[in-house]
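K.L.:
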Amino acid sequence: MPTSYMKLPYEDRVLRPEALRSYDLETGPVGYSLDIGLNYYRGLPLSAVESLELTVDAEPVPEHLILVELNGKLFPTSQLSAAFTEFWPIKKDLRIYVFNGGIEDGPHQVDLRLILRCVYMQFAPGVWGMIDNSASRTLTLQGER
Amino acid sequence: MPTSYMKLPYEDRVLRPEALRSYDLETGPVGYSLDIGLNYYRGLPLSAVESLELTVDAEPVPEHLILVELNGKLFPTSQLSAAFTEFWPIKKDLRIYVFNGGIEDGPHQVDLRLILRCVYMQFAPGVWGMIDNSASRTLTLQGER
Amino acid sequence: MNIDGIEQGISLYSFNREFVTLPDYTIEDALDDLVALDVQQYELVGSVFFEHYPRPDPAEVERVLAASEVRGVTPFSYGGYMDVGRITGHDPGPQDYILDLTADLRTARELGCRYLRETNIPIDLLPMAAEFADYYGVNIGIEVHAPSKPSDRHIQEQLEAFERIGSERLGFIPDFGCFIERPAAPALDRHIAAGADPELLEYIIANRHSGLTEDQMHQRIREMGGGEAERVAIAEFFGFLSFGPADLDGFTTLLDRTHYFHSKFYYVTEELEDPTIPMPALLSAIVDSGFQGVLMSEYEGHAFQDSDAPLQLARHLRLEQQILSGSAKQHEIRSR
Amino acid sequence: MNIDGIEQGISLYSFNREFVTLPDYTIEDALDDLVALDVQQYELVGSVFFEHYPRPDPAEVERVLAASEVRGVTPFSYGGYMDVGRITGHDPGPQDYILDLTADLRTARELGCRYLRETNIPIDLLPMAAEFADYYGVNIGIEVHAPSKPSDRHIQEQLEAFERIGSERLGFIPDFGCFIERPAAPALDRHIAAGADPELLEYIIANRHSGLTEDQMHQRIREMGGGEAERVAIAEFFGFLSFGPADLDGFTTLLDRTHYFHSKFYYVTEELEDPTIPMPALLSAIVDSGFQGVLMSEYEGHAFQDSDAPLQLARHLRLEQQILSGSAKQHEIRSR
Ligand SMILES: [Mn+2]
Ligand SMILES: [Mn+2]
Numbered sequence: 040m041p042t043s044y045m046k047l048p049y050e051d052r053v054l055r056p057e058a059l060r061s062y063d064l065e066t067g068p069v070g071y072s073l074d075i076g077l078n079y080y081r082g083l084p085l086s087a088v089e090s091l092e093l094t095v096d097a098e099p100v101p102e103h104l105i106l107v108e109l110n111g112k113l114f115p116t117s118q119l120s121a122a123f124t125e126f127w128p129i130k131k132d133l134r135i136y137v138f139n140g141g142i143e144d145g146p147h148q149v150d151l152r153l154i155l156r157c158v159y160m161q162f163a164p165g166v167w168g169m170i171d172n173s174a175s176r177t178l179t180l181q182g183e184r
Numbered sequence: 040m041p042t043s044y045m046k047l048p049y050e051d052r053v054l055r056p057e058a059l060r061s062y063d064l065e066t067g068p069v070g071y072s073l074d075i076g077l078n079y080y081r082g083l084p085l086s087a088v089e090s091l092e093l094t095v096d097a098e099p100v101p102e103h104l105i106l107v108e109l110n111g112k113l114f115p116t117s118q119l120s121a122a123f124t125e126f127w128p129i130k131k132d133l134r135i136y137v138f139n140g141g142i143e144d145g146p147h148q149v150d151l152r153l154i155l156r157c158v159y160m161q162f163a164p165g166v167w168g169m170i171d172n173s174a175s176r177t178l179t180l181q182g183e184r
Numbered sequence: 014m015n016i017d018g019i020e021q022g023i024s025l026y027s028f029n030r031e032f033v034t035l036p037d038y039t040i041e042d043a044l045d046d047l048v049a050l051d052v053q054q055y056e057l058v059g060s061v062f063f064e065h066y067p068r069p070d071p072a073e074v075e076r077v078l079a080a081s082e083v084r085g086v087t088p089f090s091y092g093g094y095m096d097v098g099r100i101t102g103h104d105p106g107p108q109d110y111i112l113d114l115t116a117d118l119r120t121a122r123e124l125g126c127r128y129l130r131e132t133n134i135p136i137d138l139l140p141m142a143a144e145f146a147d148y149y150g151v152n153i154g155i156e157v158h159a160p161s162k163p164s165d166r167h168i169q170e171q172l173e174a175f176e177r178i179g180s181e182r183l184g185f186i187p188d189f190g191c192f193i194e195r196p197a198a199p200a201l202d203r204h205i206a207a208g209a210d211p212e213l214l215e216y217i218i219a220n221r222h223s224g225l226t227e228d229q230m231h232q233r234i235r236e237m238g239g240g241e242a243e244r245v246a247i248a249e250f251f252g253f254l255s256f257g258p259a260d261l262d263g264f265t266t267l268l269d270r271t272h273y274f275h276s277k278f279y280y281v282t283e284e285l286e287d288p289t290i291p292m293p294a295l296l297s298a299i300v301d302s303g304f305q306g307v308l309m310s311e312y313e314g315h316a317f318q319d320s321d322a323p324l325q326l327a328r329h330l331r332l333e334q335q336i337l338s339g340s341a342k343q344h345e346i347r348s349r
Numbered sequence: 014m015n016i017d018g019i020e021q022g023i024s025l026y027s028f029n030r031e032f033v034t035l036p037d038y039t040i041e042d043a044l045d046d047l048v049a050l051d052v053q054q055y056e057l058v059g060s061v062f063f064e065h066y067p068r069p070d071p072a073e074v075e076r077v078l079a080a081s082e083v084r085g086v087t088p089f090s091y092g093g094y095m096d097v098g099r100i101t102g103h104d105p106g107p108q109d110y111i112l113d114l115t116a117d118l119r120t121a122r123e124l125g126c127r128y129l130r131e132t133n134i135p136i137d138l139l140p141m142a143a144e145f146a147d148y149y150g151v152n153i154g155i156e157v158h159a160p161s162k163p164s165d166r167h168i169q170e171q172l173e174a175f176e177r178i179g180s181e182r183l184g185f186i187p188d189f190g191c192f193i194e195r196p197a198a199p200a201l202d203r204h205i206a207a208g209a210d211p212e213l214l215e216y217i218i219a220n221r222h223s224g225l226t227e228d229q230m231h232q233r234i235r236e237m238g239g240g241e242a243e244r245v246a247i248a249e250f251f252g253f254l255s256f257g258p259a260d261l262d263g264f265t266t267l268l269d270r271t272h273y274f275h276s277k278f279y280y281v282t283e284e285l286e287d288p289t290i291p292m293p294a295l296l297s298a299i300v301d302s303g304f305q306g307v308l309m310s311e312y313e314g315h316a317f318q319d320s321d322a323p324l325q326l327a328r329h330l331r332l333e334q335q336i337l338s339g340s341a342k343q344h345e346i347r348s349r
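Chains as they are written, first to last, in my numbering: chain A, 40 to 184; chain B, 40 to 184; chain C, 14 to 349; chain D, 14 to 349.
What follows is the structure, encoded as structure tokens:
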């Protein structure tokens, strides 16, 4: 039974330099979006997300301000673990929208804790391999996509 | 609170004359497929399927012989109610595969009992409107698609 | 057609039978039917016309926009739904409503719609909905739909919440199906074809609101010689085809907070009469309120007959025009 | 390359680092790299290369077939997975395995693959798997992968089940990662770069299977002057980078029931030596068994270094060729 999380060496692609963007609507910036790459060698079902916690500039982002987009579909974080028919492939990002009214231009410290279940690696009933897809990086806010 | 199921007048499209087809693989027929149309005025999430029971020539088809296909994805019937991110639109059929080794050429009496939850019509906690998408028809087995 | 500031539109839901039953009938065909009726503004219901919902594929949105542009027509409003029962066994909470509202607002914005029709938003989420409406630049209308009536407590509570919040973004979309005064002719014909006595049907209709319970009505009609066909009719008239005196007083309370109307109808006769819905009274109340905006014809007769939606819509548009021209004239006379 | 009935193929998993880290690196690029190595047969892992899994879009399958045809290469085997943990909080039952197996068999058939690699099928479902394999005309191979070894009880039980069922459709795909005898050079280099003493690392390797527990080894190395870097190395060598004497006896028991091999490797030196996996012994056992089929090179060094997968694959293919030519010659001599 594993005592630790698997962490592959592709961490650099989790939070890429252009990943943080302003999210602008009719009224101007309403928040920001953050693209999250997979640090694994294969794709996984979205239901593999065991936990997703985002901290920006040392402030945890409240769950109710977050929507997650994959394959053109939107999810509150609470629904991710149930979304077993959505596949998160290697070449696609999860996009997180945070509706906090916008953030300042310039650099921001982004800390993502993202734990994924390894859906083909069962050690015992209810016990699965775990993947650490976390990353931390200082990202500079980019303009609207 | 409704005392009965809604049933729209589009029942003819649930089991259409060409809906029953032989399913042939390397070894010849391994079963059959059945296309099921929606008898409703709008699409619904696949998780709206509350129950699906198929009877062919007066014999109930065992659940473990059935796979359901929608949007290119496959489901055992037991997973349908969890598939909340799949949308069953008006213009697409559910395709049911039955792996029973094949059935005889000619006409077959097909009885489908399919109950759907009306996902936007809540009467009380846990109590939702119900849609009767059932149909019965004598269908002639068609050749492999 | 614009009569004294009131414009006509068509909800593409009117073509539901065609879209559902004809495999080759597409959104383009619906827009062709719209153009043939000389109407430019329409409502599109996402869960009817899109293959993906609550969020359509970008290509689906693009297709609607391209088909509209080439025909010179405009998606005026987007018909959304709160499909909050999507997760089996889960009672919806705020996140479920917010998710569906966000998805529909995005789509409405992508389509360039000024209005989003929603089926239901809990009152405590309305302030947030008003904020979201500002974000997306889309007005949110809550449909007032049968079996609800404008005077119903929950509708009046919504109205109070709208006033309290004060945002122009929030409003109602009254659906005239709230004001059915008697069953539509095709519904009656269906019962007569099934063997019901026309006189007994008229008796049921006349006494639907005389204080009799459904059971008492069943007994009364049995005593008068009715059988199975009449029994089915009673069940229907006391159930999902319920009708009664139109709640016109309630209706007028909503008018200042109304975004646009679903001018629902089931059948208009050759003589341009709708015996089911009191159109003259409704339209006159609208004109008197000073409302400027869209009357969105919404044909739903396909529930009862092999429909000819374009023919019925043509009649309905003319019926509205007749009434509005008359009202406009009266209005003119009165305001002289 | 076909040496005495043994052919060489490449698992496209070998290009995993390129595919994962280079946004523009596509399946077509992987096939170009394959062609440049003069290899025609390959394995494709669905959950790596497809955007939809367990069932790819028809267009995705079409793309692989078209890209293969134009390059004169062939998908020999399809790498499937039993993703039976897909439904959160649900312990998998037979239906979950049957679903994933069916999905992968369909895809393998659509790709024209003779073989499907599966990660795990419960023994009681193997008779059904054999029947399904007949239906789809695709052979099913269960990969024997580290940390399992061929002699392990559950592998031997699978072997017995295969014999009992008697279907030629069922077999093994031994992965040479089962036979790691010492850490690959890049893994050692990484620890040395982190400050570990090369001599202490050699001591750990030499005594990994001397009966010391992980805790005892930690203590011993501390006494010999080791610190944090050595501590990390011990944790790795007792954990997911475990190694030990190759289970060659177990290996030979599987050979009659082997569909093809994952010739897994981490690093081949310029001198065409693999100090990690005992290739001469493995290949000689394969030749001696009379096996005719495919050795599928599977590079996994990208876990430890900035890889040059094509260079490493070229070396590995030549290493295999050298050994096989030698074995072939010996075999010829012996069978004279
Ligand atoms: Mn309406
Ligand atoms: Mn392998």
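Backbone N, C-alpha and C fix where the C-beta goes; we use that ideal spot for every residue, glycine too.
Taking 6 Å as the cut-off, is the CB of D287 (chain D) close to at least one heavy atom of ligand 2?
P.N.:
Outside the cutoff, so no.
K.L.:
To the nearest angstrom, report how far apart P199 (chain D) and S255 (chain D) are at their CA atoms.
P.N.:
Roughly 15 Å separates the two Cα atoms.
K.L.:
On the premise that D117 (chain D) lies in contact with E156 (chain D), defined as a C-beta separation below 8 Å, what is that separation, rounded to the nearest angstrom?
P.N.:
At roughly 13 Å, the Cβ-Cβ gap does not stay under 8 Å, so E156 (chain D) and D117 (chain D) are not in contact.
K.L.:
CA-CA distance, T42 (chain A) and V53 (chain A)?
P.N.:
Note on T42 (chain A): pLDDT 43, under 50, position unreliable in the model; the coordinate value appears next. Taking the straight line joining both Cα atoms gives about 23 Å.
K.L.:
Closer than 8 Å by beta-carbon distance: list the chain A residues that pair up with D147 (chain C), in chain order.
P.N.:
Per Cβ cutoff of 8 Å: E65 and T66.
K.L.:
Against H167 (chain D), what residues of chain A qualify as contacts under a CB-to-CB distance less than 9 Å, listed in chain order?
P.N.:
Under the 9 Å cutoff, chain A gives no residues; its nearest Cβ is about 13 Å from H167 (chain D).
K.L.:
Within 10 angstroms of its Cβ, does P107 (chain D) collect 16 or more other Cβ (buried), or is it exposed?
P.N.:
Flag for P107 (chain D) reads exposed.
K.L.:
Taking 6 Å as the cut-off, is the CB of E311 (chain D) close to at least one heavy atom of ligand 2?
P.N.:
For ligand 2, at least one heavy atom lies less than 6 Å from the Cβ of E311 (chain D).
K.L.:
Against chain A, does T124 (chain B) count as a neighbour if the rule is that its beta carbon must be under 7 Å from one of theirs?
P.N.:
Yes - at least one Cβ of chain A is within 7 Å of the one on T124 (chain B).
K.L.:
Using the Cα positions of L119 (chain A) and P135 (chain D), report the straight-line distance between them to the nearest angstrom.
P.N.:
Looking at the two C-alpha atoms, the distance is approximately 29 Å.
K.L.:
Is D117 (chain D) near ligand 2, with its Cβ less than 6 Å from a heavy atom?
P.N.:
For ligand 2, not one heavy atom lies less than 6 Å from the Cβ of D117 (chain D).
K.L.:
Measuring alpha carbon to alpha carbon, tell me which residue in B:R81, B:R60 and B:R184 is nearest L47 (chain B).
P.N.:
Comparing Cα positions, the closest option is B:R81.
K.L.:
Pull up the CB-CB distance for L73 (chain B) and V149 (chain B), whole angstroms please, since I reckon it's below 8 Å.
P.N.:
Their Cβ separation, rounded to whole angstroms, is 7 Å, which keeps L73 (chain B) and V149 (chain B) in contact under 8 Å.
K.L.:
Restricting to runs no shorter than 3 residues, where is the beta strand (DSSP E) found entirely within the region 289 to 316 of chain D?
P.N.:
Complete beta strand (DSSP E) runs here, min 3: 306 to 312.
K.L.:
My parser needs the alpha helix (DSSP H) runs of 4 or more residues fully inside the region 219 to 266 of chain C; what are they?
P.N.:
Taking only runs of at least 4 residues, the alpha helix (DSSP H) segments lying wholly in the region 219 to 266 of chain C are 227 to 236 and 241 to 251.
K.L.:
When you compare the CB of T42 (chain A) with every CB in chain B, is at least one pair closer than 7 Å?
P.N.:
Its pLDDT being 43, under 50, T42 (chain A) is placed unreliably by the model, and nothing is read from it.
K.L.:
Beta-carbon of A116 (chain C) versus every beta-carbon of chain A: anything under 7 Å?
P.N.:
Judged by the 7 Å Cβ criterion, A116 (chain C) is in contact with chain A.
K.L.:
Taking the C-alpha atoms as reference points, what is the distance between M40 (chain B) and F162 (chain B)?
P.N.:
Because M40 (chain B) sits at a pLDDT of 38, beneath the cut-off of 50, its placement in the model cannot be relied upon, and the following sentence gives the value as read from the coordinates. So the two alpha carbons sit approximately 6 Å from each other.
K.L.:
Can you tell me whether D96 (chain A) is buried or exposed, with buried defined as 16 or more other CB within 10 angstroms of its CB?
P.N.:
Flag for D96 (chain A) reads exposed.
K.L.:
Please list, in chain order, the chain A residues whose beta carbon lies closer than 9 Å to that of A121 (chain B).
P.N.:
Per Cβ cutoff of 9 Å: A121, F123 and T124.
K.L.:
Starting from F278 (chain D) and walking both ways along the beta strand (DSSP E), at which residues does that stretch end?
P.N.:
Where F278 (chain D) is concerned, the enclosing beta strand (DSSP E) stretches over F274 to F278.
K.L.:
So the alpha helix (DSSP H) T115 (chain D) belongs to, where does it begin and stop?
P.N.:
Start and end: P107 to L124.
K.L.:
When you compare each of C:L285, C:N220, C:G125 and C:Q334 to Y149 (chain C) by their alpha carbons, which one comes out closest?
P.N.:
Selected option, being the one with the closest Cα: C:G125.
K.L.:
Which value, in whole angstroms, describes the spacing of the CA atoms of R122 (chain C) and S180 (chain C)?
P.N.:
When rounded, the distance between both Cα atoms is 18 Å.
K.L.:
How would you list, in chain order, the residues of chain A whose beta-carbon sits under 7 Å from the beta-carbon of K112 (chain B)?
P.N.:
Result: T124.
K.L.:
Could you tell me which of C:V74, C:G303, C:L261 and C:N152 sits nearest to L295 (chain C), measuring between CA atoms?
P.N.:
Nearest of C:V74, C:G303, C:L261 and C:N152 to L295 (chain C), Cα basis: C:L261.
K.L.:
Using the three-state DSSP reduction, which class does F189 (chain D) fall into: helix, strand or coil?
P.N.:
Looking at F189 (chain D) - three-state DSSP - the assignment turns out to be helix.
K.L.:
Using only alpha-carbon positions, find the residue among B:D144, B:L153, B:L151 and B:M169 that is nearest to P68 (chain B).
P.N.:
The residue with the shortest Cα to Cα distance from P68 (chain B) is B:D144.
K.L.:
In the structure shown, what three-state DSSP assignment does A174 (chain A) receive?
P.N.:
Note: A174 (chain A) maps to strand in three-state DSSP.
K.L.:
Just to confirm the assignment, what range does the alpha helix (DSSP H) spanning G59 (chain D) have?
P.N.:
G59 (chain D) -> alpha helix (DSSP H) spans G59 to F62.
K.L.:
Which class does E75 (chain C) belong to by DSSP, given the choice of helix, strand or coil?
P.N.:
It is helical.
K.L.:
Closer than 7 Å, Cβ to any Cβ of chain C: which residues of the region 156 to 180 of chain B, in chain order?
P.N.:
So the close ones are R156, V158, Y159, Q161, P164, G165 and W167.
K.L.:
Taking only the alpha-carbon atoms, compute the straight-line gap between F63 (chain D) and R235 (chain D) and give it to the nearest angstrom.
P.N.:
Using only the alpha carbons, I get a separation of about 48 Å.
K.L.:
Tell me whether H275 (chain C), by its Cβ, gets closer than 6 Å to a heavy atom of ligand 1.
P.N.:
Checking the Cβ of H275 (chain C) against ligand 1 gives yes.
K.L.:
Grab the span of the beta strand (DSSP E) containing L64 (chain A) for me, first residue to last.
P.N.:
L59 to L64 is the span of the beta strand (DSSP E), which, as asked, contains L64 (chain A).
K.L.:
Of all the residues that make up the region 76 to 99 of chain C, which are near chain B by a beta-carbon distance shorter than 8 Å?
P.N.:
Answer set for the region 76 to 99 of chain C: Y94, M95, D96, V97, G98 and R99.
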